[in-house]
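Take the sequence shown: its position 107, counted from the start at 1, is 133 in my numbering, and no numbers get skipped. Where a beta carbon is used, it is the ideal one built from N, C-alpha and C, also for glycine. The model shown is predicted, which means the values in this text are computed figures rather than measured ones.
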Amino acid sequence: EQHLNRRVDAQASYKRGLGHDPESLALQQALRNLRSESGGGLQATFYHVLFVSPHLQMDRLFQVLEDPDRLTAAYVDSNQAELDAQFACLTQTLRVDLGLLLASPVLRDAYDRVTFACGQLLQWAPEAVSRRLSQAQRIVEGLGLALRCGWSIHHGVAKFSANALTILATSEGAADELRREATRLLLGGLLKWLLDPTPEPESPPEDRDVCGCTFLSPRLSAATWLERLFEHGTKQWVREECERFPGVV
Numbered sequence: 027e028q029h030l031n032r033r034v035d036a037q038a039s040y041k042r043g044l045g046h047d048p049e050s051l052a053l054q055q056a057l058r059n060l061r062s063e064s065g066g067g068l069q070a071t072f073y074h075v076l077f078v079s080p081h082l083q084m085d086r087l088f089q090v091l092e093d094p095d096r097l098t099a100a101y102v103d104s105n106q107a108e109l110d111a112q113f114a115c116l117t118q119t120l121r122v123d124l125g126l127l128l129a130s131p132v133l134r135d136a137y138d139r140v141t142f143a144c145g146q147l148l149q150w151a152p153e154a155v156s157r158r159l160s161q162a163q164r165i166v167e168g169l170g171l172a173l174r175c176g177w178s179i180h181h182g183v184a185k186f187s188a189n190a191l192t193i194l195a196t197s198e199g200a201a202d203e204l205r206r207e208a209t210r211l212l213l214g215g216l217l218k219w220l221l222d223p224t225p226e227p228e229s230p231p232e233d234r235d236v237c238g239c240t241f242l243s244p245r246l247s248a249a250t251w252l253e254r255l256f257e258h259g260t261k262q263w264v265r266e267e268c269e270r271f272p273g274v275v
């Protein structure tokens, strides 16, 4: 994964390895090396797929995204202009034609990474993102698209999108218009999941757990996010959007 420049995946794999063998010096060193690298390969991938200007400092963005402790309201406030420029570029990928997406492994990998970027920032700083960034609407809309097509790419894309939208939809301090939009996108996307007849595989992969959801059937996974949407009591705005949603019976 690291040689393929899939830095997020590589870091997750090293962390899983350390979970099984916390004393492994080789894994500890590999993880330190990964975090210290400049990530030029990631920059090259985005340049070739998205024609991203190197001035946007995508490597620096992903280094922050991989360290959730740094994703605070203060970080969003102090980097507002840079984040808006970066996500104005990144969210274009989430609007790519699905036929082209499914035909291109490189583009699918980029889609996965952009979904991670949008979802990671939104789920750790929902209030600041929704109120400070001019690109917040595009981030939310992009995750709504990823929610619908994610199962065609990787179950993690779908689940990560659902998780970020659920967090925004239930955020007390988030901008009302965007948390309502997140609720509507969730309801529409999860309705599509509920109608998907794909069964659970007989031999599930080890990486099936994403954001606490281990289901690989869209129908069953939908139940996880619906439960989280209502688990702390139904928010007034969520109730209102549910009442207006045409698919509710």
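With contacts defined by Cβ atoms closer than 8 Å, residue 54 and residue 97 do not form a contacting pair. Restricted to the stretch 135-169, the alpha helix (DSSP H) segments that are unbroken, complete and at least 4 residues in length are 152-158, listed in chain order. The residues 206, 209, 210 and 213, in chain order, have a CB closer than 8 Å to that of residue 267 in the same chain once the five nearest residues on each side in sequence are set aside. Comparing alpha-carbon positions, the option among 43, 119, 195 and 59 lying closest to residue 258 turns out to be 195.
Contact annotation: residue 156 and residue 100 have beta-carbon atoms that are not nearer than 8 Å. Assignment of residue 102 by DSSP, reduced to helix, strand and coil, places it in the helix class. Our two residues, residue 204 and residue 177, have alpha carbons roughly 24 Å apart in a direct line. The bridge partners DSSP lists for residue 268 come to none. In the three-state reduction of the DSSP assignment, residue 236 falls in the strand class. Here the alpha carbons of residue 49 and residue 123 stand approximately 46 Å from one another. Judged by DSSP in its simplified three-state form, residue 43 adopts helix. Taking C-beta atoms under 8 Å as the contact rule, residue 187 and residue 117 fail to qualify, at a distance of about 13 Å. Judged by their CB atoms, residue 246 and residue 232 are not nearer to each other than the 8 Å cut-off. Straight through space, the alpha carbons of residue 256 and residue 244 are spaced by roughly 19 Å. The continuous stretches of alpha helix (DSSP H) do not include residue 242, and DSSP gives it neither H nor E. The beta carbons of residue 163 and residue 113 sit no closer together than 8 Å.
As for any alpha helix (DSSP H) of minimum length 4 sitting wholly inside the stretch 162-211, the runs are 162-179 and 181-195, ordered along the chain. The residues 173 and 174, in chain order, have a CB closer than 6 Å to that of residue 215 in the same chain once the five nearest residues on each side in sequence are set aside. Straight-line measurement puts the Cα of residue 185 at about 11 Å from the Cα of residue 170. DSSP places residue 125 in the uninterrupted alpha helix (DSSP H) bounded by 124-129. For residue 82 against residue 111, the beta-carbon gap comes to about 6 Å, under 8 Å, which counts as contact.
A check of alpha carbon separations from residue 59 across 84, 46 and 89 identifies 89 as the nearest. If you check the CB distance, residue 138 and residue 180 come in under 8 Å. Per DSSP, reduced to three states, the secondary structure at residue 221 is coil, with no helix or strand assignment.
Closest in C-alpha terms to residue 150, from the list 168, 199, 128 and 108, comes 199.
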